[in-house]
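Structure first, then comments.
Protein chains: 2
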Amino acid sequence: MTTRDTAEAMLAVALEEAELGAAEGGVPIGAALFGPDGTVLGRGHNRRVQDDDPATHAETAAFRAAGRRPHYHDTVMVTTLSPCWYCSGLVRQFGIGEVIIGEAASFSGGHEWLADNGVRITVLGDLRCAELMSEFIARRPDVWFEDIGEARGD
Amino acid sequence: MTTRDTAEAMLAVALEEAELGAAEGGVPIGAALFGPDGTVLGRGHNRRVQDDDPATHAETAAFRAAGRRPHYHDTVMVTTLSPCWYCSGLVRQFGIGEVIIGEAASFSGGHEWLADNGVRITVLGDLRCAELMSEFIARRPDVWFEDIGEARGD
Numbered sequence: 548m549t550t551r552d553t554a555e556a557m558l559a560v561a562l563e564e565a566e567l568g569a570a571e572g573g574v575p576i577g578a579a580l581f582g583p584d585g586t587v588l589g590r591g592h593n594r595r596v597q598d599d600d601p602a603t604h605a606e607t608a609a610f611r612a613a614g615r616r617p618h619y620h621d622t623v624m625v626t627t628l629s630p631c632w633y634c635s636g637l638v639r640q641f642g643i644g645e646v647i648i649g650e651a652a653s654f655s656g657g658h659e660w661l662a663d664n665g666v667r668i669t670v671l672g673d674l675r676c677a678e679l680m681s682e683f684i685a686r687r688p689d690v691w692f693e694d695i696g697e698a699r700g701d
Numbered sequence: 548m549t550t551r552d553t554a555e556a557m558l559a560v561a562l563e564e565a566e567l568g569a570a571e572g573g574v575p576i577g578a579a580l581f582g583p584d585g586t587v588l589g590r591g592h593n594r595r596v597q598d599d600d601p602a603t604h605a606e607t608a609a610f611r612a613a614g615r616r617p618h619y620h621d622t623v624m625v626t627t628l629s630p631c632w633y634c635s636g637l638v639r640q641f642g643i644g645e646v647i648i649g650e651a652a653s654f655s656g657g658h659e660w661l662a663d664n665g666v667r668i669t670v671l672g673d674l675r676c677a678e679l680m681s682e683f684i685a686r687r688p689d690v691w692f693e694d695i696g697e698a699r700g701d
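Going down the list, the sequences are from chains A and B.
For the first sequence, the numbering used here assigns the number 548 to the initial residue and increments by one for each residue that follows.
For the second sequence, the numbering used here assigns the number 548 to the initial residue and increments by one for each residue that follows.
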């Protein structure tokens with residue numbers, strides 16, 4: 548299990564991605580996939596607004612950027628926000644061994660389900676991650692609820 | 548709930564995508580997302596081999612191709628193979644109302660979990676879908692097990 552100091556250093560990479568997304572006017576969620584030696588295998592952020600792409604969440608962007616690997620058991624996914632079911636499913640299917648989460652107050656996805664299925668989970672309760680989300684949700688609730696499939700209307 | 552005849556007609560679109568993937572030397576899984584009036588919103592196939600992209604499964608390709616929508620409750624995802632956890636998570640997060648599956652014998656992902664969570668599920672037991680998978684798994688077990696995160700080795 549990653550120590551808290553190391554987890555916070557890893558979160559800084561995901562937070563940098565979230566800040567990039569915010570600067571681009573997008574959903575401010577960032578992620579990075581780390582190898583067992585602590586190197587960044589891939590990093591990215593949500594691209595719904597930037598590319599009109601509903602399928603690129605932060606975690607899937609980081610996973611894609613990491614490229615093909617025979618397995619992911621010894622990798623660590625770091626994300627600024629609790630992973631939604633889509634991204635939790637990614638973690639479970641590919642056997643990613645550990646997930647470090649900036650915060651789970653703005654939104655709580657599937658991280659408890661992952662813990663129940665043997666994935667090591669740490670929630671850091673990071674204030675900057677939470678601030679980015681609360682500011683975005685207040686400003687663009689329409690985009691946020693679209694991003695998690697909870698938009699209203701027919 | 549979609550009738551069996553209609554489901555089989557919809558599966559033909561996903562199967563066409565799977566055959567395209569097979570012709571390109573890729574993992575032969577195809578999918579299509581349909582709107583409530585039966586129009587194809589998006590379609591695609593697994594692109595691991597073609598693009599060296601581990602994040603593009605058939606269902607995520609079809610979902611991306613469909614583009615941004617306020618919600619997906621009245622859409623139907625049709626896929627040639629039982630959706631893995633990653634793609635099942637996509638369905639659950641975005642509230643896709645129904646999933647039609649070509650076959651679940653080669654691989655059984657999260658479709659029962661989806662049914663438990665209120666998604667309407669039909670498994671057609673299509674022989675051509677199963678044949679495409681069994682031929683691919685026999686020929687390229689390395690790529691197949693990589694695609695579902697079950698490759699061996701460290």
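We put the beta carbon where it would ideally sit given N, CA and C, even for glycine.
- In the pairwise beta carbon analysis, the region 653-668 of chain A is classified as not touching the region 641-649 of chain B: fewer than three pairs are separated by under 8 Å.
- When 9 Å is used as the limit between beta carbons, residue 607/A is near these residues of chain B: 602, 607 and 633, in chain order.
- At a cut-off of 8 Å between beta-carbon atoms, residue 584/B makes no contact with chain A.
- Interface annotation, residue 575/B: not in contact with chain A, CB-CB separation never under 8 Å.
- The alpha-carbon separation between residue 667/A and residue 586/B amounts to approximately 42 Å.
- Beta-bridge partners assigned by DSSP to residue 678/A: none are found.
- For the set 599/A, 610/A and 621/A, the Cα lying nearest the Cα of residue 548/A is the one of 621/A.
- When secondary structure is reduced to three states using DSSP, residue 636/B falls in the helix class.
- Within the region 550-580 of chain A, no residue has a Cβ lying closer than 9 Å to any Cβ of chain B.
- Within 9 Å of the CB of residue 595/A, the CB atoms of chain B belong to 615, in sequence order along the chain.
- Between residue 578/B and residue 557/B, the gap from beta carbon to beta carbon reaches 8 Å or more.
- Membership of residue 589/A in the beta strand (DSSP E) is indicated by the continuous run 587-592.
- When the five nearest sequence neighbours on each side are left out, the beta carbons in the same chain lying within less than 7 Å of the beta carbon of residue 641/A are those of 619, in order along the chain.
- Straight-line spacing of the CA atoms in residue 552/A and residue 564/A works out to 19 Å.
- Residues of chain A with a Cβ closer than 7 Å to the Cβ of residue 649/B do not exist, since the nearest Cβ in that chain sits about 19 Å away.
- For residue 580/A, the secondary structure class from DSSP, reduced to helix, strand or coil, is strand.
- Taking C-beta atoms under 8 Å as the contact rule, residue 595/A and residue 573/A qualify, at a distance of about 7 Å.
- The Cβ of residue 599/A sits closer than 8 Å to at least one Cβ of chain B.
- Counting the other CB atoms within 10 Å of its CB gives residue 611/A a total of 16 or more, which places it among the buried residues.
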